[in-house]
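All remarks here apply to the structure that follows.
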Amino acid sequence: MRRPASAAPRRGASPKAGAPRPALVLTVPSETSFLGLVREVTRKMAESAGFDQGTAGRLALAVDEAATNVIEHAYAGAADREVEIRLEDRGPEFQVEVVDSGATVDPRAVPQVDLRRYVRERRTGGLGMHLMEKIMDSVTFRRSAGRNVCRLVKRKAAVARGR
Amino acid sequence: MSELTVDKRDVEDVTLLYPKGFINAHTVRLFEGEIREALQQGRFKIVVNCSGLSYIASAGLGALMGAIEEIRGSGGDLRLASLNDTVRNIFEILGFNHLYRIYPSEMDAIVSFARDGGTGS
Chain A
-2 MRRPASAAPR RGASPKAGAP RPALVLTVPS ETSFLGLVRE VTRKMAESAG
48 FDQGTAGRLA LAVDEAATNV IEHAYAGAAD REVEIRLEDR GPEFQVEVVD
98 SGATVDPRAV PQVDLRRYVR ERRTGGLGMH LMEKIMDSVT FRRSAGRNVC
148 RLVKRKAAVA RGR
Chain B
110 MSELTVDKRD VEDVTLLYPK GFINAHTVRL FEGEIREALQ QGRFKIVVNC
160 SGLSYIASAG LGALMGAIEE IRGSGGDLRL ASLNDTVRNI FEILGFNHLY
210 RIYPSEMDAI VSFARDGGTG S
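As they're listed, the protein sequences go chains A and B. Residue numbering for the first sequence follows our numbering, beginning at -2 and increasing consecutively. Residue numbering for the second sequence follows our numbering, beginning at 110 and increasing consecutively.
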């Protein structure tokens, strides 16, 4: 039987305008059929953090890409694992961590995207990483307690300045 | 509601695809399959009408890239029409607007084939 997706608030502080708010943690099975749900939750959280619809949509796309990377690379397509998404409005910035317990994959090992060369060589890998880096202010990867953590950060001030 | 549907119709020698919903790693095979079917039928002038497309992730962009060389090598092209701001923005972020011809409307894209015979850039 398929495990249900679950969302649970963490920390007890009451949210204030412009102040950090409790994180939302969403755990979904490592199936691409859950990417739509991940995207919708991210989009709504980003809008609630004050981003406009367009920016919220792009943030959701970056998280979709990060979760796709986990399913396709860290878990090599296995559908019986878990992907954890931690979404947090930290006041000046919006942070999403995509966590898995799969194989360590170095996404930066993917060469820089050269679109015309990609077309010539029929390559498509690396586009997701490229999109994530273009959309977010920061994309970092670390290994923590036997798990891979991809942290995506978008600063609110950068959006206000038109980035 | 389905996450993606792809309607298809032919206008003379141009095949029009209408993806409705979103294209990501979960739905891309359906989209890819429709492109592939057109190519198998020898139809190399393709317009993707994106008016019903809410967003496209890298998997969908990869599907476009995976087909374009074969299409252009066969004397055709794949052109895009009616992009909403979200999809247009994603294309611009990745520089796809330099690889694909993008038109404001489906009719503009169809006419463009009649005008130049369908040779891609």
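For every residue, glycine included, the Cβ atom is placed at its ideal position computed from N, Cα and C.
Scanning its chain for C-beta atoms nearer than 7 Å, with the 5 sequence neighbours on each side dropped, one finds around V137 (chain B) the residues A168, G169, A172, in chain order.
For L173 (chain B), no pairing in a beta bridge is given by DSSP. By the Cβ-count criterion, T101 (chain A) is exposed, with fewer than 16 other Cβ atoms from all chains shown falling within 10 Å of its own Cβ. A20 (chain A) is not a Cβ neighbour of E81 (chain A), given a cutoff of 8 Å. Using beta-carbon distances, L58 (chain A) counts as an interface residue toward chain B, with a partner under 8 Å.
Around the beta carbon of Q92 (chain A), 16 or more other beta carbons sit within 10 angstroms, so the residue counts as buried. Between A76 (chain A) and T29 (chain A), the alpha-carbon positions lie close to 8 Å from each other.
Not flagged as an interface residue toward chain A: I144 (chain B), since no C-beta distance is shorter than 8 Å. Scanning chain B for C-beta atoms nearer than 8 Å to the C-beta of E69 (chain A) yields A134, reported in chain order. Your pair I180 (chain B) and I155 (chain B) checks out as a contact, with CB atoms roughly 7 Å apart and the cut at 8 Å. Cβ-Cβ distances below 7 Å link S135 (chain A) to V150 in the same chain, with the five nearest sequence neighbours on each side left out; the list follows chain order. If you ignore the 5 residues before and after F200 (chain B), its C-beta comes within less than 6 Å of the C-beta of N206, all in its own chain and listed in chain order. Contact between the segment 110 to 123 of chain B and the segment 48 to 55 of chain A is absent: fewer than 3 CB-CB pairs across the two stretches fall below 8 Å. Taking 8 Å as the cut-off, the Cβ atoms of L124 (chain A) and A59 (chain A) do not count as close. In the three-state DSSP reduction, R197 (chain B) falls in the helix class (H, G or I). Contact annotation: A134 (chain B) and T39 (chain A) have beta-carbon atoms that are not nearer than 8 Å. Neighbourhood of S30 (chain A) in chain B, by CB distance below 9 Å: E112, H135, in chain order. By the Cβ-count criterion, T137 (chain A) is exposed, with fewer than 16 other Cβ atoms from all chains shown falling within 10 Å of its own Cβ.
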